[in-house]
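Asks:
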Amino acid sequence: MSRHRFLWLACLTLLASPLSLSAQTTTGTVRGYVKDQNGAPVADAEIRAQNIETGVQRTTTTRADGGYILPGLVPGTYDLVARSIGHSPQQRRVVVQIGATLLADFTLQAGAVELQAVKVEGGTPAVELRTSEVATNISQQQVQNLPTPSRNFLDLAALAPGVIVSPDRTDLRPRNFTAGAQGPGEVNVFVDGASLKNDLTGGEGPNSGIAGQDNSRGNPFPRSAIQEYRIITQNFKAEYQRASSAIITATTRSGGNTWTGNAFTYYQNKGLVALDSFSLGSAKPDYSRYQVGLSAGGPLIRDRLRFFGSYEGNYQNRAATVAITPPTGFGPAVDTIPFTSFNRSFTSPFRETLLFGKLTYDATPHSTLEWSGSLRHEYDIRDFGGNAAYAKAVHYGQDVDFSSLKHTSVTGPWLNEAMLTYSRFRRTQTPQTPGIPQRDYGFAVLGSYETNQDFTQKRLGFRDDLTYTGFRSGGEHVIKVGVALDRLTYDVNKGNNQFPTFRYGNLVNCNPNCTGDVSYAYKNPFKLEWAAGNPFLTAHNMTLGAYAQDDWSPTSRLTLNLGIRWDYESHMLNYDYVTPQNVRDTIRLYNAQLQHPIDTLEYFTDGTQRKRFLGAFQPRLGFSYALDQNNMTTLFGGIGIYYDRSYFDLSIDEMQKLTYPKYSVYFAPRDSTTPGAGQIPWKDTYLTTDTSVLRAAVDSGGAALGEVWLIGNHTKPPRSTQFSLGVRRQLGRYVVSVAYAGVRGVNGLVFNWANFDFNSNNPRTCCVGASPFHGFNNIVFTTNSVKTWYDALQIQVTRPYQQRTRGIGWGGGMSFSYSTRSMQGIDASDDEFAFPQAYLITKHPINDEKAHLVANWVTDVPYAYGVQFSGLITLGTGPRLDVAGRFNPAMYEPGGFTPDHFAFLIPAKIWAFREVDLRLRKTFPSVSGTTMAFTLDLFNAFNFQNLGCYNTNDRTDVANFGLAHCVNSDARRLQVAAEYGF
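In my numbering, the protein residues as written are 56 to 1037.
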């Protein structure tokens, strides 16, 4: 029996066994002790938790020591009641947060049995004190009321210390986040337990991470559907999977027993957006953005069946101006082409639709069935302007859809949660105007976009978890065991360079075989780049994860989190790949002449040398200890091992670089009589998209056979070891946390060049090699050489929002991190290639900032009924940039340059990045159960110019060294909004 079949049978056996297994946490827990007025434990007391919106109840009874636990509570506000015969009942209102454990102790007085009316002051989220995780909860109040320009709920992940979120700008940016000195591909996001992980595109680069966020202006999910979420940056438990960095787990809103809803419109145009310091004096380009939404939820059958649905649309139009300036003095070669006729302003439209629906059915008091589904559709016309004509525009489209069905049942101390999920992620990237050969002059790019891509990832998953709270040996235990099984299909059309690019120039160093500049004077192309062959690939994958964990409390003040996880993946790499014979023959023939000879035992395979990785065992240990009886001060910490994977897009190039090679054809200058070595004469008929003509040019000689990409037979998935130690202290309504966090990452995948190396006469001078004497453009090979180091001091102050008298309340917080990040084996965390080899890149600081502070607040304005003021402040010390490069040893200073610093809030000039975002919202009195509200958002309120793109090439260039050429944030911009609620 094959190993693959054996694992499938093992999965089925596990799923059929009495011990059902696990999903990511989307619920919360309430636990505590019940005592009488003398401090004695009250056994067999009934604890009832009732959700005030849905009416759903959960009950349990206390143990002999008076302790109780209620796991698996849907996040929300609950009335919690403790009853015992001979004692007066006691009731309180609590807020249960996602992934958090709330401590709620009761002291019952002897006497009457009548339950007194509870005084309701609004549910107040209690900041979790006793967790061993380094985690931050984002409340519904923050999700709804903190200002973010594009309504991307992931932007608020910046409230967690140590998390870096890509700027929310009006131009195109990958929208992802990172933590712990690792790349965006090592994180994971779960919405209602369903993973949004992008397995397919982006690899280890800056565009990896969450499905749909690698190359889009859009949002991953309707913000109006998010109830709250939790960011865990350190020591997340064994139930979480497929991340060696940070985890975000979110829960969506559900309908209650009363119909409620809202509709909103946010608007911004060019008149509300200022120009940055590099654009002053230029006319503002046309720009408009509408963000609209509608949501509603309520009962279909009261106390049984509830519905919630939401829609959000993002409609943007922005102008991109083509401004080509042709050089003079080149005669007909340039003058006969109407370059300036391409110059004008064109609209770059973006459209996004987000839909979400959810049905919740309470079949019995102990059983709930929940279905949810989400659709995301978008298209974008972009990547033109400047020196690129409109014909080069890209039609970018994507769809991200998921659906989940979850069943929850409670029987005594047993809680079972089973979930079936399906998701589909499709991304396309095609020419807007196909069929025109691309001509790249350097000063101008004419013709079609050269690439045609279509990626689809489908995931069918089953998860089931079982929680048991009845084990008492040595104290209280919450035991959880689980499995997660996913079946994935990848359909790839990676048609890079499917359409030809002809490159022109004046003086050209005419690769591959001539020395010095040769005059082409733009009369004919010096090079053709074109790919042909089979760009299609279909692959199947299976992931299996199993874990067991125990939250063990030997005493009421000490909790130990003991867990272990194991993960397996059937197709992380091309395990059945067979190295083609022509690759074997070529490398064996020329191996001794390569700058870095290939280890053929490691990189050649007949389909049996690569063994699936079975060693992803991940022990995790955490603890929390209350230093006082009232749990006001808690010491916490932990250590754990975490595996991830993010290799598929990179690994498929091992096949596609050969089945779909990119050719480079070099042409002789038009005026030359004899082509140089590796060149062919230019013919005007070559300037076409006709594949038969292009094939003739390739076959006429001089074209290399593309690239060889070699994957090591013993490649391992990336792994990190995380450890932390800290203390939390409750000070009235505030909670202060101070912690040390450390991460050590290993096994990062990187590509090396076999046909390049440093000059042997000076090991820091690049480069020798590169000539395709072996018939291929390049030969690259992988190593698990990347290592990362992260050490941080993290400080967090939190005050949950709570309304007090007359509906006035406020909440806020601050997170600060001071960190050092280093890596080796690669230049930057968003790189995929180590040039020329990873072993030459020694440990060096990562080019990011040491100190980062984010503050937030939401406050009702006194004496201004219905007016709410909220904001975000983001401050940073700026990046540490390399001076020169490692190929210039005389001037290379890794992390040797920091930008100018300025004062803000404090006199000291310590901040290189400063941004203040403000929101003012007025809600008018309710009329017949409906409300109107108007919102004014002001982003970068003080118009700080956060400079970037510094010239750090040469300190001796006094006039230009250290000058900035761009900004890292948008200038001041205003946004207006209106909202109707019922």
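Backbone N, C-alpha and C define an ideal beta-carbon position, used for all residues, glycine too. Being a predicted model, the structure only gives us computed values, none of them experimental.
Looking at the structure shown, is lysine 253 part of a helix, part of a strand, or coil, going by DSSP?
Replies: Mapped onto the sequence shown, residue 253 falls at position 198. With the sequence shown as reference, residue 253 is identified as asparagine, and lysine is not the correct amino acid for it. In the structure shown, asparagine 253 sits in coil (DSSP, three-state: anything other than H, G, I, E or B).
Asks: Tell me phenylalanine 957's beta-bridge partners as DSSP assigns them.
Replies: Within the sequence shown, residue 957 is the residue found at index 902, counting from 1. Trp966, per the DSSP bridge assignment.
Asks: Can you list, in chain order, the residues of its chain with a C-beta nearer than 7 Å to that of threonine 634? Leave out the 5 residues immediately preceding and following it.
Replies: Taking the sequence shown and counting its residues from 1, one reaches residue 634 at position 579. Here the set comprises Phe659 and Thr660.
Asks: Closest to serine 884 by CA distance: which of Gln923, Asp846, Leu804 and Gly537 is it?
Replies: One-based indexing of the sequence shown puts residue 884 at position 829. Closest by alpha carbon: Leu804.
Asks: How long is the line joining the alpha carbons of leucine 705 and aspartate 654, rounded to whole angstroms?
Replies: The residue given as residue 705 occupies position 650 in the sequence shown. The residue given as residue 654 occupies position 599 in the sequence shown. Using only the alpha carbons, I get a separation of about 20 Å.
Asks: Below 7 Å CB to CB, which residues in the same chain sit around glycine 1003 once its five sequence neighbours on both sides are set aside?
Replies: One-based indexing of the sequence shown puts residue 1003 at position 948. Only Ala1019, Cys1021, Val1022 and Asn1023 meet the Cβ criterion.
Asks: For tyrosine 416, which residues from the same chain have a beta carbon less than 6 Å from its beta carbon, with the 5 sequence-adjacent residues on both sides left out?
Replies: The sequence position of residue 416 within the sequence shown is 361, counting from 1. Excluding positions up to five away in sequence, the list reads Leu360 and Leu424.
Asks: What does a CB cutoff of less than 6 Å around isoleucine 10 pick up in its chain, not counting 5 residues either side in sequence?
Replies: There is no way to answer for residue 10, as the model of the chain reaches only from 56 to 1037.
Asks: Check this for me: beta carbons of leucine 543 and aspartate 254, under 8 Å apart or not?
Replies: In the sequence shown, residue 543 corresponds to position 488, counting from 1. In the sequence shown, residue 254 corresponds to position 199, counting from 1. Yes, Cβ-Cβ distance for leucine 543 and aspartate 254 is below 8 Å.
Asks: Comparing alpha-carbon positions, which option in Asp210, Asp972 and Thr744 lies nearest glycine 502?
Replies: The count along the sequence shown starts at 1 and reaches residue 502 at position 447. Considering only alpha carbons, the answer is Thr744.
Asks: To the nearest angstrom, how far is it from the Cα of alanine 78 to the Cα of phenylalanine 924?
Replies: Position 23 of the sequence shown, counted from the first residue, corresponds to residue 78. Position 869 of the sequence shown, counted from the first residue, corresponds to residue 924. At alanine 78, the pLDDT of 40 sits below 50, so the modelled position is not reliable; the number obtained from the coordinates is stated separately. Using only the alpha carbons, I get a separation of about 38 Å.
Asks: Once the 5 residues before and after leucine 562 are set aside, which same chain residues still bring their CB inside 8 Å of it?
Replies: One-based indexing of the sequence shown puts residue 562 at position 507. Here the set comprises Asp572, Val573, Ser574 and Tyr575.
Asks: With DSSP as the reference, identify every bridge partner of proline 900, one or two as the case may be.
Replies: Walking along the sequence shown from the start, residue 900 turns up at place 845. DSSP lists Ser877 as partners of proline 900.
Asks: Can you find at least 3 beta carbon pairs, one from the region 637 to 654 and one from the region 750 to 758, that sit closer than 8 Å?
Replies: No contact exists between the region 637 to 654 and the region 750 to 758.
Asks: Do you know offhand how far threonine 837's Cα is from isoleucine 766's?
Replies: Sequence index remark: in the sequence shown, residue 837 carries index 782 (1-based). Sequence index remark: in the sequence shown, residue 766 carries index 711 (1-based). Approximately 5 Å, taken between the alpha carbons.
Asks: Taking the straight line between their C-alpha atoms, what separation do you get for threonine 985 and asparagine 317?
Replies: Residue mapping note: residue 985 aligns to position 930 of the sequence shown, counting from 1. Residue mapping note: residue 317 aligns to position 262 of the sequence shown, counting from 1. Distance between the alpha carbons of threonine 985 and asparagine 317 is about 9 Å.
Asks: Residue range of the beta strand (DSSP E) that glutamine 604 falls in?
Replies: Position 549 of the sequence shown, counted from the first residue, corresponds to residue 604. Per DSSP, glutamine 604 belongs to the beta strand (DSSP E) from 591 to 608.
Asks: Going by DSSP, name the residue or residues bridged to isoleucine 834.
Replies: If you number the sequence shown from 1, residue 834 lands on position 779. Val763, per the DSSP bridge assignment.
Asks: Spatial neighbours of proline 609 within its chain, please: C-beta separation below 8 Å, excluding the five flanking residues on both sides.
Replies: Start at 1 with the first residue of the sequence shown, and residue 609 comes out as number 554. Counting only Cβ-Cβ distances below 8 Å, and skipping sequence neighbours, we find Gly529, Gly530 and Leu615.
Asks: Please identify the residue among Thr728, Pro381, Pro772 and Thr688 whose C-alpha is closest to the C-alpha of threonine 186.
Replies: Taking the sequence shown and counting its residues from 1, one reaches residue 186 at position 131. The candidate whose alpha carbon is nearest that of threonine 186 is Thr688.
Asks: Return the bridge partner residues of methionine 1060 from the DSSP annotation.
Replies: Residue 1060 is absent from the structure shown; the chain starts at 56 and stops at 1037.
Asks: According to DSSP, which residues form a beta bridge with asparagine 998?
Replies: What you label residue 998 is simply residue 943 of the sequence shown in a count that begins at 1. None; asparagine 998 has no bridge partner.
Asks: Counting along the chain, where does the beta strand (DSSP E) carrying tyrosine 658 start and finish?
Replies: Numbered from its first residue, the sequence shown carries residue 658 at position 603. Not the beta strand (DSSP E): tyrosine 658 falls in the alpha helix (DSSP H), residues 655 to 658.
Asks: Taking the alpha carbon of glutamate 1034 as the reference point, which residue from Arg431, Gln146, Ile193 and Asn200 has its own alpha carbon closest?
Replies: As a position in the sequence shown, residue 1034 is number 979, starting the count at 1. Comparing Cα positions, the closest option is Asn200.
Asks: What residue ranges within the region 314 to 367 form continuous alpha helix (DSSP H) runs of no fewer than 4 residues, ordered along the chain?
Replies: Counting only runs of 4 or more, we get nothing.
Asks: Quick check on tyrosine 741: does DSSP put it in helix, strand or coil?
Replies: Residue mapping note: residue 741 aligns to position 686 of the sequence shown, counting from 1. Helix at tyrosine 741.
Asks: Buried or exposed: tryptophan 469, going by 16 or more other Cβ atoms within 10 Å of its Cβ?
Replies: Indexing the sequence shown from 1 puts residue 469 at position 414. Label assigned to tryptophan 469: exposed.
Asks: Quick check on DSSP: helix, strand or coil for arginine 935?
Replies: The residue you call residue 935 lines up with position 880 of the sequence shown. Three-state DSSP puts arginine 935 in coil, outside helix and strand.
Asks: Excluding sequence positions up to five away, which residues of its chain have a Cβ less than 6 Å from the Cβ of alanine 910?
Replies: Along the sequence shown, read from residue 1 onward, the residue named residue 910 stands at position 855. Met869 and Ile928.
Asks: Nearest-angstrom Cα distance between aspartate 1025 and glycine 864?
Replies: On the sequence shown, position 970 is the one that residue 1025 refers to. On the sequence shown, position 809 is the one that residue 864 refers to. Answer to the nearest angstrom: the Cα atoms are 32 Å apart.
Asks: To the nearest angstrom, how far is the alpha carbon of proline 736 from that of phenylalanine 581?
Replies: On the sequence shown, position 681 is the one that residue 736 refers to. On the sequence shown, position 526 is the one that residue 581 refers to. If I take the Cα positions, the gap works out to 10 Å.
Asks: Would you list the one or two residues that DSSP bridges to isoleucine 140?
Replies: The residue you call residue 140 lines up with position 85 of the sequence shown. DSSP output for isoleucine 140 lists no bridge partner at all.
Asks: In chain order, what residues of the same chain have a beta carbon less than 8 Å from the beta carbon of arginine 667, not counting five sequence neighbours either side?
Replies: Working through the sequence shown from its first residue, we reach residue 667 at position 612. Result list for arginine 667: Arg58, Tyr623, Glu624, Ser625, Met627 and Tyr630, in chain order.
Asks: So which of Val85, Tyr342 and Asp846 has the shortest CA-CA distance to arginine 147?
Replies: In the sequence shown, residue 147 corresponds to position 92, counting from 1. Minimum Cα distance to arginine 147 is reached at Val85.
Asks: Any idea what DSSP makes of methionine 710, helix, strand or coil?
Replies: Along the sequence shown, one-based indexing puts residue 710 at 655. Three-state result, methionine 710: helix.
Asks: In terms of residue numbering, what span does the beta strand (DSSP E) encompassing alanine 671 cover?
Replies: The residue you call residue 671 lines up with position 616 of the sequence shown. Here the beta strand (DSSP E) through alanine 671 covers 671 to 681.
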